[in-house]
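Everything on this sheet refers to the single structure shown next.
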Amino acid sequence: MFKKEEDFIENLNKIRRINTSFVIANKTIKTARNGKNYIEFSLTDKTGEITARMFPNRDAEEIYDDIEQKSIYNIMGNVDEFPRNSRNFSIKIDSFQKLAEDEYDLDDYTRTSLKDQNQLIREISTTIKEMKDPYLKDLLKAFFCDKEFAKQFYQSPSAKIHHHNYLGGLLEHTVGVLLICKTSCEIFPQLDQDLLYTGAILHDIGKLKSYDYDLVSIDISNEGKLLDHLFISCDMVNEKIRDNKLEIPEDRKIQLLHIMLSHHGDVQNGWGSPVSPQTPEAVALHHADNLDAKVKGIMQKR
8 MFKKEEDFIE NLNKIRRINT SFVIANKTIK TARNGKNYIE FSLTDKTGEI
58 TARMFPNRDA EEIYDDIEQK SIYNIMGNVD EFPRNSRNFS IKIDSFQKLA
108 EDEYDLDDYT RTSLKDQNQL IREISTTIKE MKDPYLKDLL KAFFCDKEFA
158 KQFYQSPSAK IHHHNYLGGL LEHTVGVLLI CKTSCEIFPQ LDQDLLYTGA
208 ILHDIGKLKS YDYDLVSIDI SNEGKLLDHL FISCDMVNEK IRDNKLEIPE
258 DRKIQLLHIM LSHHGDVQNG WGSPVSPQTP EAVALHHADN LDAKVKGIMQ
308 KR
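Taken in order, the sequence shown gives residues 8 to 309; the numbers are from the working numbering.
The following block contains the structure:
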């Protein structure tokens, strides 16, 4: 059963009946106000993600156990909007059935960045070439001349749920942050451009190890759960310096690690930074990252 254009998630923008297919990316058992259990799903296709709920007449746990997460199912139900006129659409599922591989086109469910990947890659490579700081330039070259690293970096998602959560999302988000940082340097020419740009390019590299992903789904890895991508990113920088015997001055390295560790903002925000931004470059990177992530997150929900 191949998807029609009107049945892609980006087009589910009115109350109506549906009979189409999605990836079941996630499933959770929840309890309603009446005390009965129901199943909440995260459904995806190549255009986005939508929440769905099923209120079964029989045991929810039994149905839950039979559902294969990361598989493609045909879903019958209704698109609902709550509250009315909120543009917040979800699906109430009546029934579903797993599809065989010959019943769908995998391209309909593979979420990828819509940006020109070659253009994004050129933005990073040009930035590295134009850097004047030899230490930071050598560090970035050590990463991006590593073919395996570069391949993973260009393909990786940037998140599981909130923003840029699709193949190529990390590259798109990184360049978005980098461009915001470049604008910041035009407004504040006193900023250390090479330091800020290096932080922008490397701030999320730990996400290469923080997520397990394939063509249809993204999960947080065990390493990501236990260590978080901020720590992993800094560990990868230290490892690259050590393995390539890069002679970066200690104070320069500490400045870079600081802006990477603090890019989620003040510790009191509870967003994961182990230290609050304490330099102009750290403050600039935090707000650039937050702006790109938050704006994209809202746009993906439209």
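Built from N, CA and C at the ideal position, the CB exists for glycine as well.
Who are the Cβ neighbours of residue i in its own chain at under 7 Å, not counting the five residues just before and after it?
i       : result
Ser-28  : Met-8, Lys-10, Ile-79, Tyr-80, Asn-81, Ile-82, Leu-106 and Tyr-111
Phe-156 : Phe-150
Gly-55  : Ile-16, Glu-17 and Gln-307
Lys-214 : Ser-163, Ser-165, Leu-177 and His-236
Cys-188 : Leu-203, Tyr-204, Ala-207, Ala-291, Leu-292 and Ala-295
His-14  : The sequence shown places Asp at residue 14, rather than the His named in the question. So the list reads Ile-25 and Thr-27, once near-sequence residues are dropped.
Tyr-173 : Arg-118, Thr-119, Ser-120 and Pro-164
Val-302 : none
Cys-192 : Leu-198, Gln-200 and Leu-203
So, for residue i: in the same chain, excluding its five sequence neighbours on each side, which residues have a beta-carbon less than 6 Å away from its beta-carbon?
i       : result
Pro-284 : Ser-269, Val-290 and His-293
Leu-178 : Leu-127 and Tyr-161
Leu-50  : Phe-29, Ile-57 and Ala-59
Trp-278 : His-271 and Gly-272
Val-184 : Ala-207, Ala-295, Asp-296 and Asp-299
Val-182 : Leu-127 and Glu-130
Phe-62  : Tyr-45
Thr-38  : Asn-44
Would you please verify whether the beta carbon of residue i is less than 8 Å from any beta carbon of chain C?
i       : result
Tyr-173 : The displayed structure is made up of one protein chain only, and chain C is not part of it.
I believe residue i touches residue j by the beta-carbon criterion, under 8 Å. Please report the beta-carbon distance rounded to the nearest angstrom.
i       : j       : result
Ile-25  : Arg-60  : The Cβ separation is near 14 Å, so there is no contact.
Ile-227 : Ser-240 : Actually they do not touch by this definition, with Cβ atoms about 15 Å apart.
Leu-146 : Ile-261 : Not quite, the Cβ-Cβ distance comes to about 14 Å (not below 8 Å), so this is no contact.
Ile-46  : Ile-22  : 21 Å between Cβ atoms; not a contact.
Ser-97  : Asp-87  : 6 Å
Met-267 : Leu-198 : Actually they are not in contact, since the Cβ atoms of Met-267 and Leu-198 sit about 16 Å apart, beyond 8 Å.
Ala-67  : Asn-41  : So it is not a contact: roughly 13 Å between Cβ atoms.
Gly-84  : Gln-124 : Not quite, the Cβ-Cβ distance comes to about 35 Å (not below 8 Å), so this is no contact.
Tyr-116 : Lys-53  : 6 Å
Strictly by DSSP, which residues pair up with residue i?
i       : result
Arg-23  : Val-86
Tyr-45  : Lys-37
Thr-58  : Ser-49
Leu-264 : Answer by DSSP bridge pairing: none, since Leu-264 is not bridged.
Ser-28  : Asn-81
Leu-178 : Its beta-bridge partners do not exist; DSSP assigns none.
What does a CB cutoff of less than 8 Å around residue i pick up in its chain, not counting 5 residues either side in sequence?
i       : result
Glu-75  : Ile-31 and Lys-105
Tyr-142 : Leu-253, Glu-254, Ile-255, Pro-256 and Arg-259
Phe-195 : Pro-287 and Ala-291
Nearer than 7 Å: is that true of the beta carbon of residue i relative to any heavy atom of the ligand NAP?
i       : result
Met-267 : The ligand NAP is not part of this structure, which contains no ligands at all.
Segments assigned alpha helix (DSSP H), at least 4 residues, entirely inside the region 76-160: 124-136 and 141-151
At least three beta-carbon pairs within less than 8 Å, the region 242-252 to the region 120-137: no
At least 3 beta-carbon pairs within less than 8 Å: the region 133-141 vs the region 190-208: Output reads yes: the region 190-208 touches the region 133-141.
Contiguous alpha helix (DSSP H) assignments of at least 4 residues, all confined to the region 201-241: 214-217 and 229-234
Every unbroken alpha helix (DSSP H) within the region 252-305, with a cutoff of 4 residues, ordered by chain: Given a length threshold of 4 residues, each whole run of the alpha helix (DSSP H) inside the region 252-305 is given here in chain order: 257-268.
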